[in-house]
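For what it's worth, the working numbering labels the leading residue of the sequence shown as 97, then goes sequentially. Worksheet for the structure shown next.
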Amino acid sequence: MISFLILVLGLGLVVYGANIMVDGSASLAKSYQIPNIVIGLTVVAFGTSSPELAISAYSAYTGNAEIAVGNVVGSNIFNIFFILGVTAIIYPLTILKNTVLKEIPLSLLAAIILYVMLKDSIFGVGENVLSLGDSLLLLAFMTIFMYYLVHLAKTSNEDEDLNIPRMTRFKSLLFIIGGITLLVAGGKLFVDSAVELATNLGMSQAVIGLTIVAAGTSLPELATSVVAALKKNSDIAVGNIVGSNIFNIFFILGVSGIIRPLPQGSISDFDLFTCIGASVALLLSGYIFGKHKITKAEGVIFLILYVVYIGYQVQQVS
């Protein structure tokens, strides 16, 4: 009962934190005349990815590699299929041209790179592990991505006329910092209580990481994207997810793998292929089927695909 109450408390902190973070980020972007998509891909994505970083890094430090890797793989699947599915049902999402042509393909590339780095056995190198060299390479990719974002901020003129709250830059920063703090605190409370409940059910570390922990640490992305969709800030909603997925692989696994090499363990090829497939589905939705939009119908399809994936995980446990 206590664990359930803590879980609910954590969810409440996450939702409120996401709300004030979106307001602060949007206001700060407006004051500096920075495109909202850049804010979604940097400040919001970094802030909402903080729970994944804390959990994966701590898991690597304590030798729980399957939670560290499963958290990132599961979060990326959850972000696209569940969060964008729910968000698109609330309000059809318009995707900026630059996001469709560059950021989404980069998130797909990140998922493919992770698969190749983990599958050492394919090349006859040895066991499947994310090594120190792999992790340093992931961080190098992250550096390139950040350079791209700086360039995007200087050259992009794509923006929407949004209803953004007006506040001073100091107040905006307080909202962002306060939002991040609540997101991290709420996410940790949720994950700790959820893991305790799941462990009592006899679930493996891999399944916990791919499902309970992944969903728990992705609550900030869920809350932030839903709030942004309700406010019709669709560029922040989509940019938040795409940016977070890129950060999850390049930055979070990069940092975690430096702390300790991360073996694939019980993370199956099906999980890795689903992670890649989620990015493929998003690319097809935005570039071919939706014409730079994720429609409500596509949102429903995304949710169905996530239910199928969770059904597979439940079957593995039973």
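Cβ atoms here follow ideal geometry from the backbone N, Cα and C, with glycine treated the same way. Since the model is a prediction, treat every value here as computed from it, not as a measurement.
Exercise. Considering only the beta carbon of each residue, do residue 150 and residue 283 sit closer than 9 Å?
Worked result: Yes, they are a contact pair.
Problem set entry | Unbroken stretches of the alpha helix (DSSP H), 4 residues or longer, contained in the region 190–219 | The region 190–219 contains these whole alpha helix (DSSP H) runs: 200–214.
Problem set entry | Counted within 10 angstroms of its Cβ, other Cβ atoms place residue 411 as buried (16 or more) or exposed | Exposed, by the Cβ-count rule.
For this session: Just the C-alpha distance for residue 269 and residue 185, rounded to the nearest angstrom, thanks.
Result: Rounded to whole angstroms, residue 269 to residue 185 spans 31 Å at the Cα level.
Exercise. Expressed to the nearest angstrom, what Euclidean distance is found between the alpha-carbon atoms of residue 103 and residue 334?
Worked result: Looking at the two C-alpha atoms, the distance is approximately 26 Å.
Problem set entry | residue 402 and residue 173 closer than 9 Å at C-beta | In this structure, residue 173 lies closer than 9 Å to residue 402 by Cβ.
For this session: State the start and end residues of the unbroken alpha helix (DSSP H) segment that holds residue 104.
Result: Following the DSSP letters along the chain, one finds residue 104 inside the alpha helix (DSSP H) bounded by residues 98–127.
Problem set entry | residue 161 and residue 316 closer than 9 Å at C-beta | Result no, Cβ atoms of residue 161 and residue 316 do not sit closer than 9 Å.
Problem set entry | Cβ contact check for the region 188–207 and the region 374–381: 3 or more pairs under 8 Å | A contact between stretches requires three or more CB pairs, one per stretch, nearer than 8 Å, and the region 188–207 meets this requirement with the region 374–381.
Exercise. Ordered along the chain, which non-local residues of its own chain (more than five positions away) have a Cβ less than 8 Å from that of residue 355?
Worked result: Here residue 355 has 153, 156, 157 as same chain residues with Cβ atoms under 8 Å from its own Cβ, once five neighbours each way along the sequence are excluded.
Exercise. Are the beta-carbon atoms of residue 361 and residue 227 separated by less than 9 Å?
Worked result: No.
Exercise. Is the number of C-beta pairs between the region 123–131 and the region 278–293 that are closer than 8 Å three or more?
Worked result: No, because fewer than three Cβ pairs between the region 123–131 and the region 278–293 fall closer than 8 Å, the two stretches do not touch.
Exercise. For residue 263, which of 116, 99, 110 has the nearest alpha-carbon?
Worked result: Checked all of 116, 99, 110; the closest Cα to residue 263 is 116.
For this session: Work out the CA separation of residue 245 and residue 98 for me, nearest whole Å.
Result: Taking the straight line joining both Cα atoms gives about 43 Å.
Exercise. DSSP on residue 392, reduced to helix/strand/coil?
Worked result: Here residue 392 carries a helix assignment [DSSP, helix/strand/coil].
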